[in-house]
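Novice:
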Amino acid sequence: MGILDKKTAFVFPGQGSQTVGMGKDLAANSPAARAVFDMAGERIAGLCFEGPAKELNRTVNTQPALYTVCCAACAAVGEFVRPMVCAGHSAGEYAALYAAGAFSFEDGLALIQKRAELMDQCAAAHPGGMAAVIGLAPEVLAEINGRVKGICVNANINSPAQIVVSGEKAALEEAAALYKEAGARRVVPLNVSGAFHSPLMEQAKEGLEKALQLTRIAECSVPVVANADALPETDPGTVRANLARQLTGSVRWVESVNRMIEMGAEAFVEA
1157 MGILDKKTAF VFPGQGSQTV GMGKDLAANS PAARAVFDMA GERIAGLCFE
1207 GPAKELNRTV NTQPALYTVC CAACAAVGEF VRPMVCAGHS AGEYAALYAA
1257 GAFSFEDGLA LIQKRAELMD QCAAAHPGGM AAVIGLAPEV LAEINGRVKG
1307 ICVNANINSP AQIVVSGEKA ALEEAAALYK EAGARRVVPL NVSGAFHSPL
1357 MEQAKEGLEK ALQLTRIAEC SVPVVANADA LPETDPGTVR ANLARQLTGS
1407 VRWVESVNRM IEMGAEAFVE A
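At position 265 of the sequence shown the residue is numbered 1421 (my numbering), and the sequence of numbers has no breaks.
Written out as structure tokens, the structure reads:
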């Protein structure tokens, strides 16, 4: 049985997966993908294809660039495979919603550009950081996080034993020592500009809620499993609420993947 015969989930990566040159071969070999890059414009396409890395890695550039590449991949693959469910990790949820027909490429691009700007501004006003913790379960981390002084929360539940935490830098440092005492194999600070998916993003959430109300969002043609609660959604109002909640809440990725399997997904296509 080939992938064309299987119930397929489309999944999309988030910030941190970007690399200079992404999408270049795709645009050269798929007219559908090329059309997406043309809609994004020369600046975004140039950042994807040629960089420089320093500019591509800025939050305000990374998110719209990744969204464009993911949507281009979706346009190319979508000529041959149709998803029965979609999901995206953090910023990738916007490409998942595009794939599900929630909004046009252009409306999604404007929305994620606004999201990136709001997050960047919020990170400057409320400094913080993130760290990957290897070898401890989410509930163990949550218990430790509750004991430290300041904000420190589980931000990305990427696997049963690979969790990203987010918060104030002093709180992260205190928590890191406790994680190691509890048996964590590694605690790796991440090179990010802010404490994403934590309460420190509240100001960005408020701004995004306003932008979401101004964005045309349609009923999804297939369910999108939301980061916020790992539940499949199609309703525009729920989509808006989940995208806002996502900024200050955890990315429940393990639950999201399990949910898609429960729904019958037999194959996963990642942009």
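Here a beta-carbon is modelled for each residue, glycine too, at the ideal position from N, C-alpha and C.
For residue 1398, I'd like the list of residues in its chain whose CB is within less than 6 Å of its CB, leaving aside the five on either flank, ordered along the chain.
Specialist: As a working note, residue 1398 is residue 242 in the sequence shown. Closer than 6 Å at the Cβ level, and outside the excluded window around residue 1398, lie 1382, 1384.
Novice: Please classify residue 1235 as buried or exposed, where buried requires at least 16 neighbouring CB atoms within 10 angstroms.
Specialist: As a first step, residue 1235 is located in the sequence shown; it is residue number 79 there, counting from the start. Exposed, since its Cβ has fewer than 16 Cβ neighbours within 10 Å.
Novice: Within the same chain, show all residues whose beta-carbon is closer than 7 Å to that of residue 1262, passing over the 5 residues directly before and after it, in chain order.
Specialist: Taking the first residue of the sequence shown as position 1, residue 1262 is located at position 106. Correct list, in chain order: 1195.
Novice: What is the DSSP secondary structure of residue 1202, counted as helix, strand or coil?
Specialist: What you label residue 1202 is simply residue 46 of the sequence shown in a count that begins at 1. In the structure shown, residue 1202 sits in a helix (DSSP, three-state: H, G or I).
Novice: Are the CB atoms of residue 1292 and residue 1310 within a distance shorter than 7 Å?
Specialist: Taking the sequence shown and counting its residues from 1, the one referred to as residue 1310 is at position 154. Taking the sequence shown and counting its residues from 1, the one referred to as residue 1292 is at position 136. Cβ distance not < 7 Å, so residue 1310 and residue 1292 don't count as in contact.
Novice: Using 8 Å as the Cβ pair cut-off and three pairs as the minimum, do the region 1339-1355 and the region 1318-1329 touch?
Specialist: At 8 Å Cβ cutoff, the stretches touch.
Novice: Going by DSSP, which residues form a beta bridge with residue 1300?
Specialist: Translated into positions along the sequence shown, residue 1300 becomes position 144. Bridge partners of residue 1300: none, in fact.
Novice: Within the region 1364-1427, note down every full alpha helix (DSSP H) run reaching 4 residues or more, in order along the chain.
Specialist: Within the region 1364-1427, the complete alpha helix (DSSP H) runs of at least 4 residues are 1392-1404, 1409-1418.
Novice: Is DSSP giving residue 1187 helix, strand or coil here?
Specialist: The residue given as residue 1187 occupies position 31 in the sequence shown. Residue 1187 falls in the helix class under three-state DSSP.
Novice: Select from 1306, 1357, 1315 the residue whose C-alpha is nearest the C-alpha of residue 1329.
Specialist: For the purposes of this step, residue 1329 is taken as residue 173 along the sequence shown, with counting starting at 1. Taking only the C-alpha atoms, the option nearest residue 1329 is 1306.
Novice: Report the CB separation of residue 1313 from residue 1406 in whole angstroms; it is logged as a contact under 8 Å.
Specialist: In the sequence shown, residue 1313 corresponds to position 157, counting from 1. In the sequence shown, residue 1406 corresponds to position 250, counting from 1. Confirmed, Cβ separation roughly 6 Å.
Novice: Check residue 1157 in the structure and name its three-state DSSP category.
Specialist: Counted from its first residue, the sequence shown places residue 1157 at position 1. In this predicted model, residue 1157 has a pLDDT of only 43, less than 50, meaning its place in the structure is not dependable enough to derive any value.
Novice: Just mark residue 1395 as buried or exposed, buried being the case when its beta carbon has 16 or more other beta carbons within 10 Å.
Specialist: What you label residue 1395 is simply residue 239 of the sequence shown in a count that begins at 1. Per the 10 Å Cβ criterion, buried.
Novice: Drop a sphere of 10 angstroms on the beta-carbon of residue 1239, count the other beta-carbons inside from all chains shown, and report buried for 16 or more, exposed for fewer.
Specialist: As a position in the sequence shown, residue 1239 is number 83, starting the count at 1. Residue 1239 is buried by the Cβ-count criterion.
Novice: For the region 1245-1273, list the alpha helix (DSSP H) runs that are entirely contained and at least 4 residues long, ordered along the chain.
Specialist: For the region 1245-1273, whole alpha helix (DSSP H) runs of length 4 or above, ordered along the chain, are 1248-1255.
Novice: Please confirm if the region 1167-1178 is in contact with the region 1199-1219, defined as three or more CB-CB distances below 8 Å between the two stretches.
Specialist: Segments in contact, yes.
Novice: Mapping the DSSP letters down to three states, classify residue 1164 as helix, strand or coil.
Specialist: Locating residue 1164 in the sequence shown gives position 8, counting from the first residue. In this structure, residue 1164 counts as strand in the three-state DSSP scheme.
Novice: Give me whichever residues DSSP pairs with residue 1345 in a beta bridge.
Specialist: Working through the sequence shown from its first residue, we reach residue 1345 at position 189. Note: residue 1345 sits in a beta bridge opposite 1287.
Novice: Give the DSSP-derived three-state secondary structure of residue 1279 in the structure shown.
Specialist: Along the sequence shown, read from residue 1 onward, the residue named residue 1279 stands at position 123. In the structure shown, residue 1279 sits in a helix (DSSP, three-state: H, G or I).
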